[in-house]
Amino acid sequence: MPQSLVGVHKFDLDTPVLCIDLDRMESNIQKMAAYCRSHGVQWRPHEKCHKTPAIALKEIEAGAMGVTCAKVSEAEVMAAGGVRDILIANMIVGPRKWERVAALRRWADPIVACDHFAQVEPLAAVCRSHGVEVRVIIEVNLGLDRVGATPGRDTVELAQAISRLKGVKFAGIMGYEGHLLQIAEPADKERQIRESMALLVSCRDQIVKSGVPCDIVSAGGTGSYQYTVKCPGITEVQAGGGIFMDPYYRVKCQVQDLDYALTILATVVSRPTLDRAVLDAGRKTLNPDVATPVVVGYEDAQIKRLSAEHCELTLGPNSRNLKIGDKVELVVGYGDFTTVLHDEFYGFRGDRLEVIWPILGRGKLQ
């Protein structure tokens with residue numbers, strides 16, 4: 078990090094820039110870790126929201142058991158940054174990926190997900206050739222209907238088949254209740270999440286009854302973890318995006334106890350009319366598809382449209398004093414889809430720059 082930037086006031090930076098309020102992020106991390114701990118459930122946060130080993134280490138310092146990643150290449154970045162216990166919550170298919178997982182086992186302890194024997198048998202063969210053993214868990218379809226083995230007999234038979242392979246070790250199961258995150262009525266949401274988790278735990282019980290140990294029962298995202306941790310039999314949750322919090326989780330998923338920590342700092346570059354302002358942050362800077370960003374400090378300023386390089390604001394009476402050159406902050410609508418557009422996080426303590434973190438997992442898609 079250029080030392081000349083340390084201590085610089087936020088509004089003196091060039092824009093657009095992706096900003097973290099460090100106090101808020103650290104508070105969110107502590108809250109999520111403490112909530113899981115208070116319910117006797119391990120926290121394995123998903124790293125897709127930040128893709129940054131320095132932040133992962135902060136989570137582990139707060140009590141996370143390890144991390145969750147989406148891709149082998151992300152796991153490699155986390156391992157290189159000092160993270161050892163890594164769940165790759167995805168199907169790993171192809172000779173190059175199997176080789177990379179086996180190689181990763183020499184300096185980390187990865188777990189890979191599967192939902193079919195054809196994903197695991199060749200991985201086991203590659204691991205045997207490398208003289209390593211990799212943990213495997215089965216993803217169970219809980220109703221999201223994306224990937225996942227069918228609950229019941231199919232899951233049990235797959236667990237039995239994996240347990241007979243050399244080179245891999247069957248470690249447990251996971252499921253994602255993503256189809257339930259946006260249920261509006263809290264009691265109904267909790268009821269359906271509990272039913273979903275009961276189905277997952279039932280799969281665990283059937284596997285154990287068949288004679289196969291099943292230690293891990295992993296589930297939960299930020300939009301559901303407050304309910305998921307209360308469900309008997311769940312051993313860990315993967316909620317990660319809550320460390321930044323955003324309007325998607327607050328408005329659409331009713332998560333209320335975490336604070337917004339991720340913003341885009343932009344500059345007013347045009348004032349075409351009294352009730353319009355244009356910022357230098359468009360879709361190449363922040364993605365509005367899942368949830369609309371929120372203007373900070375100007376309650377009657379609304380985002381009208383985002384084009385490639387511009388954000389057009391409609392201004393109410395209290396925000397019409399904005400002028401060309403003024404800085405405006407926008408709360409990121411959904412962190413996962415915005416982080417991937419940037420090379421760096423700028424971390425602030427108050428309004429002063431404390432750290433710049435490279436987003437080392439950006440572009441790691443394989």
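Per the working numbering, the very first residue in the sequence shown carries number 78; after that it's consecutive.
C-beta atoms are modelled at their ideal positions from N, C-alpha and C, and glycine is treated no differently.
- Around the beta carbon of residue 416, a 10 Å sphere encloses 16 or more other beta carbons of the protein chains shown; the residue is thus reported as buried.
- Counting only runs that start and end inside the stretch 301-335, the alpha helix (DSSP H) elements of at least 4 residues fall at 302-305.
- With contacts defined by Cβ atoms closer than 9 Å, residue 245 and residue 201 form a contacting pair.
- Listed in chain order, the non-local C-beta contacts of residue 240 below 6 Å within the same chain comprise 247, 289, local neighbours out to five positions each way being set aside.
- If you check the CB distance, residue 362 and residue 389 do not come in under 9 Å.
- Under DSSP, residue 434 takes part in a beta bridge, and its partners are 422.
- Segment contact: the stretch 187-199 against the stretch 211-225, three or more CB-CB distances shorter than 8 Å; contact assigned.
- In the same chain as residue 140, and ignoring 5 residues on each side of it, the C-beta atoms closer than 7 Å to its own belong to 110, 114, 120, in chain order.
- Distance check between residue 306 and each of 287, 327, 336, 273 places 273 closest, using alpha-carbon atoms only.
- In the three-state reduction of the DSSP assignment, residue 392 falls in the strand class.
- Counting other Cβ atoms within 10 Å of its Cβ, residue 88 stays below 16 and is therefore classed as exposed.
- Positions of the alpha helix (DSSP H) runs, each at least 4 residues long and wholly inside the stretch 103-182, are given as 130-139, 149-157, 172-181 in order along the chain.
- Per DSSP, the beta-bridge partners of residue 380 are 390.
- Shortest Cα-Cα distance from residue 424 to any of 84, 86, 280, 98 involves 98.
- Across the set 91, 381, 153, the C-alpha of 153 shows the shortest separation from the C-alpha of residue 439.
- Nearest to residue 443 by C-alpha distance, out of 91, 83, 339, 146, is 146.
- The C-beta distance from residue 225 to residue 252 rounds to 7 Å, short enough to meet the 8 Å contact threshold.
- In the three-state reduction of the DSSP assignment, residue 293 falls in the strand class, which pools E and B.
- Around the beta carbon of residue 259, fewer than 16 other beta carbons lie within 10 angstroms, which makes this residue exposed.
- If you look at residue 201, you'll find it in the alpha helix (DSSP H) that goes 194-207.
- By the beta-carbon neighbour count (other beta carbons within 10 angstroms, threshold 16), residue 217 is buried.
- For residue 187, the beta-bridge partners assigned by DSSP are 163.
- Annotation for residue 271: no beta strand (DSSP E) segment contains it, though the alpha helix (DSSP H) segment containing it runs 263-286.
- Residue 344 and residue 436 have their C-alpha atoms spaced approximately 23 Å apart.
- Put simply, the backbone Cα of residue 157 is about 11 Å away from that of residue 131.
- Residues 306, 307 of the same chain have their beta carbon placed closer than 8 Å to that of residue 116, with the five preceding and five following residues left out of the count.
- Comparing alpha-carbon positions, the option among 301, 256, 349, 375 lying closest to residue 222 turns out to be 256.
- In this structure, residue 311 lies near residue 296, with their beta-carbon atoms less than 9 Å apart.
- Non-local beta-carbon contacts of residue 84 in its own chain, meaning distances under 6 Å to residues more than five positions away in sequence, involve 429 in chain order.
- Counted as a single uninterrupted DSSP element, the alpha helix (DSSP H) harbouring residue 414 occupies residues 412-416.
- Rounded to the nearest whole angstrom, the C-alpha separation of residue 234 and residue 193 is 10 Å.
- Counting only residues of its own chain and dropping the five nearest sequence neighbours on each side, residue 367 has a CB closer than 7 Å to the CB of 325, 410, 411, 414.
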